[in-house]
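Please read the structure below before turning to the comments.
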Amino acid sequence: MEVILNFSPWQQALIATLFTWGVTALGAALVFAFKTIRNNALALMYGFAAGVMIATSFWSLLDPAINLAETQDRVPWLVVAIGFIAGGFFLYLAGKLIPALYLKHSRHEATSRSGLKRVILLVFSITLHNIPEGLAVGVAFGAIGATQNGSQTAAIVAAMTVAIGIGLQNFPEGAAVSIPLRQSGMSRTRAFMYGQSSGIVEPIAGVLGAVLVASVNTILPYALAFAAGAMIYVACKELIPEAHARTKAESHWAIFGIMAGFTLMMVLDVALG
Numbered sequence: 014m015e016v017i018l019n020f021s022p023w024q025q026a027l028i029a030t031l032f033t034w035g036v037t038a039l040g041a042a043l044v045f046a047f048k049t050i051r052n053n054a055l056a057l058m059y060g061f062a063a064g065v066m067i068a069t070s071f072w073s074l075l076d077p078a079i080n081l082a083e084t085q086d087r088v089p090w091l092v093v094a095i096g097f098i099a100g101g102f103f104l105y106l107a108g109k110l111i112p113a114l115y116l117k118h119s120r121h122e123a124t125s126r127s128g129l130k131r132v133i134l135l136v137f138s139i140t141l142h143n144i145p146e147g148l149a150v151g152v153a154f155g156a157i158g159a160t161q162n163g164s165q166t167a168a169i170v171a172a173m174t175v176a177i178g179i180g181l182q183n184f185p186e187g188a189a190v191s192i193p194l195r196q197s198g199m200s201r202t203r204a205f206m207y208g209q210s211s212g213i214v215e216p217i218a219g220v221l222g223a224v225l226v227a228s229v230n231t232i233l234p235y236a237l238a239f240a241a242g243a244m245i246y247v248a249c250k251e252l253i254p255e256a257h258a259r260t261k262a263e264s265h266w267a268i269f270g271i272m273a274g275f276t277l278m279m280v281l282d283v284a285l286g
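Each residue of the sequence shown is one higher than the one before, starting from 14 at the first, in our numbering.
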């Protein structure tokens with residue numbers, strides 16, 4: 014824990030988001046071993062990622078936001094409600110302003126587009142919702158410097174949990190880009206490069222989030238709730254529907270994945286926090 018405190022908030026966020034980018038690349042690297050992945054396995058991965066994000070949103074983001082709002086003598090439920098709704102609405106507007114840039118649409122439309130347009134659509138769709146994910150990590154690490162000494166250990170654990178959660182859900186995202194590109198005839202190396210490139214934006218967004226929160230402490234509870242809202246929106250809009258779409262109606266792989274991911278992050282947050 015003390016080693017982490019030797020770095021400034023933006024450096025902590027940079028290291029953490031380089032990790033999440035690395036997990037994206039790891040998922041994209043599956044293209045070197047597989048040309049296809051069984052639907053049940055993909056459903057389990059997407060479900061697991063959704064469960065991780067849902068649990069992380071509460072224990073690592075909303076709960077600390079509520080506590081911070083109380084220490085700042087604000088109305089806790091109002092602060093987190095504003096931030097949470099703003100986070101989800103931000104991604105909703107992004108989807109409206111930049112049509113068809115979501116992961117689900119990109120893969121379904123890929124077969125009807127030219128090679129270049131397909132690649133652009135695939136990469137940009139995931140890059141779009143990697144921005145708030147990077148912000149979520151940056152905000153969490155920015156909160157470390159804004160907390161009192163007695164609460165820094167809990168803040169560090171929360172920030173690390175957010176980074177791990179984002180990283181876990183980035184793994185299937187990297188594969189979701191590289192493997193369809195490989196199936197369409199692209200070389201493994203090029204498919205991998207496009208797959209991992211979707212995570213480049215996370216370190217940039219992470220550093221910006223950490224700097225902003227560290228500079229303006231009063232917005233911290235709003236920022237944490239904003240990140241939680243964005244993560245819940247991604248889980249409900251992208252990951253859960255995608256997990257169910259991968260299997261037959263009577264299959265429970267997606268549900269098993271969601272429960273496993275939620276349970277894992279719940280145990281980590283409660284036990285370590």
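Positions of the beta carbon are idealized from the N, C-alpha and C atoms, including for glycine.
Values in this document were obtained by computation on a predicted structure and should not be read as measured data.
Item: Starting from the Cα of Ile213, find the closest Cα among Thr140, Ser197 and Val150 and give me that residue.; Value: Thr140
Item: From Val150, Gln196 and Thr37, pick the residue whose C-alpha is nearest to that of Leu233; which is it?; Value: Val150
Item: Throw me the rounded Cβ distance for the Thr37 and Ser197 pair, which I believe falls under 8 angstroms.; Value: The Cβ separation is near 20 angstroms, so there is no contact.
Item: Pull up the distance between the alpha-carbon of Ala218 and that of Gly35, whole angstroms please.; Value: 15 angstroms
Item: Just the Cα atoms here: how many angstroms apart are Gly274 and Ala156?; Value: 24 angstroms
Item: Under the rule that 16 or more other beta-carbon atoms within 10 Å means buried, what is Ile192, buried or exposed?; Value: buried
Item: Compute the distance between the beta-carbons of Arg201 and Val16, then report whether it is under 7 angstroms.; Value: no
Item: Would you tell me roughly how many angstroms separate the C-alpha atoms of Leu361 and Ile98, rounded to the nearest one?; Value: In the structure displayed, the chain extends from 14 to 286; residue 361 sits before or after that span and is not available.
Item: Compare the Cα-Cα distances from Val280 to each of Val170, Gly242 and Ala94 and report the closest residue.; Value: Val170
Item: Specify the secondary structure class of Glu263 as computed by DSSP and reduced to three states.; Value: coil
Item: Beta-carbon separation of Asn230 and Thr33 under 7 angstroms?; Value: no
Item: Could you give the DSSP three-state label for Ser125: helix, strand or coil?; Value: Caution applies to Ser125, whose pLDDT of 44 falls short of 50 and renders its modelled position unreliable; the value that the coordinates give is listed next. The answer is helix: DSSP assigns Ser125 an H, G or I state.
Item: Tell me, please, whether the region 237-248 touches the region 99-106 by the rule of three or more beta-carbon pairs shorter than 8 angstroms.; Value: yes
Item: Cα separation between Gly107 and Met244?; Value: Note that residue 107 is Ala in the sequence shown here, rather than Gly. Approximately 14 angstroms between the Cα atoms of the pair.
Item: How would you label Asn19, buried or exposed, when you count the other beta carbons within 10 angstroms and need 16 or more for buried?; Value: exposed
Item: Return the CA-CA distance between Val93 and Ala78, expressed in angstroms with no decimal places.; Value: 7 angstroms
Item: Considering only the beta carbon of each residue, do Tyr59 and Pro145 sit closer than 7 angstroms?; Value: no
Item: Tell me the rounded alpha-carbon separation between Ala227 and Ala26.; Value: 11 angstroms
Item: Start and end of the alpha helix (DSSP H) containing Asn80?; Value: Asp76 to Thr84
Item: Since Arg87 is in the alpha helix (DSSP H), which residue starts that stretch and which ends it?; Value: Where Arg87 is concerned, there is no enclosing alpha helix (DSSP H), given that its DSSP letter is neither H nor E.
Item: What span of residues does the alpha helix (DSSP H) with Ala13 cover, start to end?; Value: This structure leaves residue 13 out entirely; the chain is present only between 14 and 286.
Item: Can you give the Cα-Cα distance for Leu181 and Pro216, rounded to whole angstroms?; Value: 16 angstroms
Item: Would you mind reading off the limits of the alpha helix (DSSP H) that contains Val170?; Value: Gln165 to Gln196
Item: Which residue comes first and which comes last in the alpha helix (DSSP H) that contains Ile67?; Value: Asn52 to Thr69
Item: If I measure Cβ to Cβ from Thr49 and keep anything under 8 angstroms in the same chain, skipping five residues before and after, which residues do I get?; Value: Ile192 and Gln196
Item: Is it buried or exposed for Thr260, if we count other Cβ within 10 angstroms and need 16 for buried?; Value: buried
Item: Quick one: is Ile245 near chain B, going by C-beta distance under 7 angstroms?; Value: Of the chains in the structure shown, none is chain B; there is only one protein chain.
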